[in-house]
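Reading the sequence shown from the start, the letters are residues -21 to -1, 1 to 556 in mature numbering (1 follows the signal peptide of the UniProt record, and there is no 0).
For glycine and all other residues, C-beta sits at the position ideal for the given N, C-alpha and C.
From a predicted model like this one, the values you see are computed outputs, not experimental measurements.
First up is the structure itself, then whatever we jot down about it.
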Amino acid sequence: MPFRLLVPLGLLCLLLPLHHGAPGPEGTAPDPAHYRERVKAMFYHAYNSYLENAFPYDELRPLTCDGHDTWGSFSLTLIDALDTLLILGNVSEFQRVVEVLQDNLDFDIDVNASVFETNIRVVGGLLSAHLLSKKAGVEVEAGWPCSGPLLRMAEEAARKLLPAFQTPTGMPYGTVNLLHGVNPGETPVTCTAGIGTFIVEFATLSSLTGDSVFEEKARVALMRLWESRSDIGLVGNHIDVLTGKWVAQDAGIGAGVDSYFEYLVKGAILLQDKKLMTMFLEYNKAIRNYTRFDDWYLWVQMYKGTVSMPVFQSLEAYWPGLQSLIGDIDNAMKTFLNYYTVWKQFGGLPEFYNIPQGYTVDKREGYPLRPELIESAMYLYRATGDPTLLELGRDAVESIEKISKVECGFATIKDLRDHKLDNRMESFFLAETVKYLYLLFDPTNFIHNNGSTFDAVITPYGECILGAGGYIFNTEAHPIDPAALHCCRRLKEEQWEVEDLMREFYSLKRSRSRVQKTISSGPWEPPAGPGTFSSPENHSRAREKKPAKQRIPLLSCPSQPFTSKLALLGQVFLDSS
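As structure tokens, this is what we get:
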């Protein structure tokens, strides 16, 4: 180590291999300003095509230039693209879309909706837009960010999901009818990610609204998964939410599991919850012990640790970015470079890649313009400044434009071998893929704020600091300002009295009224080991025994949506070699 520290910087540069497009005699580094404008043009080509051909449907069908509903009937692409508009600097369109959503969004509809997708796309998108509204020049109401139309819409959408959590285990069903609740014949089998991907949105919602039910439901679901892990520390892919028994016992970091691990880390950062981070680090040990081989991650049997599928899934490409959030940069870069070699081989990441054979898996050759590898590049570039990461961004822009661009947007690549296209443009293309590309090439974006600037706002509960940075992206790349969670922490019954004081303040121009200290529940502690299954009711009784006042942590950073293409009961694993 001392020798490495003494190596002159110039000599170190000579020792490093030259990458295609990196600084050196054989090429030049990708120009961030050039690719930033290219990415912005990509966004508007896709966004305008959606508005002209698909709105008010959920998503654009780019080959037929029309639209269709996919995850509900929410004009989903509009919600998913809203915070991207602000990140690209378009405040006027942000303001217009907010008005459109206020006038048209309705959740009282007889539609069977994915609990997972509705949460990450709709609830997450509305919460992010709500917290960014003032920055976007929207005229916010008194009491913001503790009130506002977008917040009320997010709360309404989340309440429509709560019936799914009414199970003996506290783990939610995968689907809920927005008008009638869970259908009587609904399958009780849910994927792990569909159970453990709520804490970011639901804890934010509870903090802003004062209603603890959302965070409580998310925490119970997290706890149940933790309690259900195997003796070797792994979780499976699908579980029966009525019995708590694993139905698909394949363990890995990819499809069906992915964002559960992501939300343990991001929930820990957002809530300053050491127990959540401890849980992830325990999982991380088991993952490295049983699934990691030569900086690849395979699928194994959750009880035995034997390899069940030697395959890399494109959804797993979020993992290097997640590793960067816990400071494991060296391992993150090693795994990232493995994944980048697959991108270079095909001009995109196939859904499944057989690692021993070095080729795609039958019927899994497509690339639906997923963001995960780009997301990891963005995180790692912020951490290292390695130009290789900009090269991935350049390659992504060039590949997507060359292969996927059509007259009405960007089409899913059905097969990376022959570049056949599919008639779909997923909403995450505008929510995640384009956003992470833009942020990769825009080092001065407000999202990257290091705390040097901030806004002080007056809420019904006192002065609040917002916009100082440290944004936590949910798994649909909707940024949440962690400071906002400390703006509205009051018991609900105190709210009206404090709001009256605020009205008096605004009318008489008086100095700020004093407010009481924040009351909040303490950090949740996971059980010591697997198999200690307890009921949601027991958790409620335990909370009642705690002192009324708890100390609040002082502080409060992509990502991979679980899609309907993931087969039920683990059938996604039948294509293994």
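Taking the alpha carbon of residue i as the reference point, which residue from the options has its own alpha carbon closest?
| i | options | result |
| --- | --- | --- |
| V90 | A390, E344 and L158 | L158 |
| A136 | V168, A115, A247 and E96 | E96 |
| residue 567 | S293, G449 and F53 | A question about residue 567 goes unanswered here, because the residues of the chain that appear run from -21 up to 556. |
| S207 | V226, S54, M132 and D190 | V226 |
| I174 | D190, S185, L141 and G164 | L141 |
| F420 | E120, E354, G104 and F259 | E354 |
| E113 | A296, I444 and N156 | Looking at the sequence provided, one finds Lys at residue 113 rather than Glu. Of the candidates A296, I444 and N156, the one whose C-alpha sits nearest the C-alpha of K113 is I444. |
| N429 | F240, S303 and A362 | A362 |
| W123 | H465, D460 and I437 | I437 |
| M404 | I426, L39 and E31 | L39 |
| L359 | A311, G372 and E386 | A311 |
| L395 | Y346, Y440 and T169 | Y346 |
| K245 | I178, A296 and W275 | I178 |
| M288 | I308, L260 and W278 | W278 |
| T423 | Y23, P35, L67 and G235 | L67 |
| E134 | A92, N156 and S186 | S186 |
| L243 | Q302, G223 and L348 | Q302 |
| L249 | Y23, E344, H465 and D37 | H465 |
| W275 | A296, L255, L260 and M258 | A296 |
| F73 | L57, C125, L84 and T270 | L57 |
| D341 | R349, P329 and L352 | P329 |
| G372 | E442, G326 and I392 | G326 |
| H24 | K393, I392, E380 and T169 | E380 |
| Y440 | C125, G235, V290 and S378 | C125 |
| Y26 | P9, L42 and D59 | D59 |
| K139 | E370, P461 and D85 | D85 |
Could you check where the beta strand (DSSP E) with residue i kicks off and where it finishes?
| i | result |
| --- | --- |
| L204 | No beta strand (DSSP E) contains L204, which is instead part of the alpha helix (DSSP H) from V192 to E206. |
| H217 | H217 to D219 |
| H47 | D45 to H47 |
| F34 | No beta strand (DSSP E) holds F34; DSSP gives it neither H nor E. |
| K331 | In the sequence on display, residue 331 carries Phe and not Lys. Element bounds for F331: F331 to N333. |
| Q280 | W278 to Q280 |
| E442 | G441 to L445 |
| N98 | No beta strand (DSSP E) holds N98; DSSP gives it neither H nor E. |
| W225 | W225 to A227 |
| N453 | Per DSSP, N453 belongs to no beta strand (DSSP E) and is neither H nor E. |
| I88 | First-last for I88: undefined, no H or E at that position. |
| D434 | D434 to T438 |
Does residue i pass the burial test, meaning 16 or more other C-beta atoms within 10 Å, or should it be called exposed?
| i | result |
| --- | --- |
| Q228 | buried |
| D237 | buried |
| K414 | buried |
| S28 | buried |
| L130 | buried |
| N333 | buried |
| Y485 | Residue placement at Y485 cannot be trusted, given a pLDDT of 47 that sits under 50; what the coordinates show is reported in the next sentence. Classification for Y485: exposed. |
| F272 | exposed |
| I88 | exposed |
| R198 | buried |
| A435 | exposed |
| F331 | buried |
| E195 | buried |
| E31 | exposed |
| S431 | exposed |
| E516 | Low local confidence applies: a pLDDT of 49 at E516 is under 50, so the model's placement there is unreliable, with the coordinate-based value given in what follows. So E516 ends up on the exposed side. |
| L260 | exposed |
| Q495 | Here Q495 scores only 38 on pLDDT, less than 50, and its place in the model should not be relied on; the value that follows carries that caveat. Result: exposed. |
| R(-18) | Bear in mind that a pLDDT of 30 at R(-18), under 50, signals an unreliable position, so the number given afterwards is only what the model happens to contain. With fewer than 16 other Cβ atoms within 10 Å, it is exposed. |
| H109 | buried |
| F433 | exposed |
So residue i is in the alpha helix (DSSP H); what residue range does that whole segment cover?
| i | result |
| --- | --- |
| Q292 | No alpha helix (DSSP H) contains Q292, which is instead part of the beta strand (DSSP E) from V290 to Q292. |
| V79 | V70 to N83 |
| Q324 | I308 to F325 |
| G300 | W298 to L304 |
| L105 | G103 to L111 |
| V244 | D237 to L250 |
| I58 | L55 to I66 |
| T363 | E351 to T363 |
| T257 | K253 to Y269 |
Contact between the segment 68 to 85 and the segment 147 to 156 (3+ Cβ pairs under 8 Å): no
Cβ contact (3+ pairs, closer than 8 Å) linking the segment 256 to 270 and the segment 316 to 335: no
Length-filtered (4 minimum) alpha helix (DSSP H) runs lying within the segment 369 to 426: 413 to 419
Given 8 Å, three or more beta-carbon pairs between the segment 57 to 74 and the segment 407 to 417: yes
Segment contact flag, the segment 6 to 20 with the segment 35 to 50, C-beta cutoff 8 Å, min 3 pairs: no
Beta strand (DSSP E) runs contained entirely in the segment 126 to 198, provided each spans 3 or more residues: 154 to 156 and 168 to 170
At least three beta-carbon pairs within less than 8 Å, the segment 276 to 293 to the segment 202 to 221: yes
Cβ contact (3+ pairs, closer than 8 Å) linking the segment 456 to 465 and the segment 97 to 111: yes
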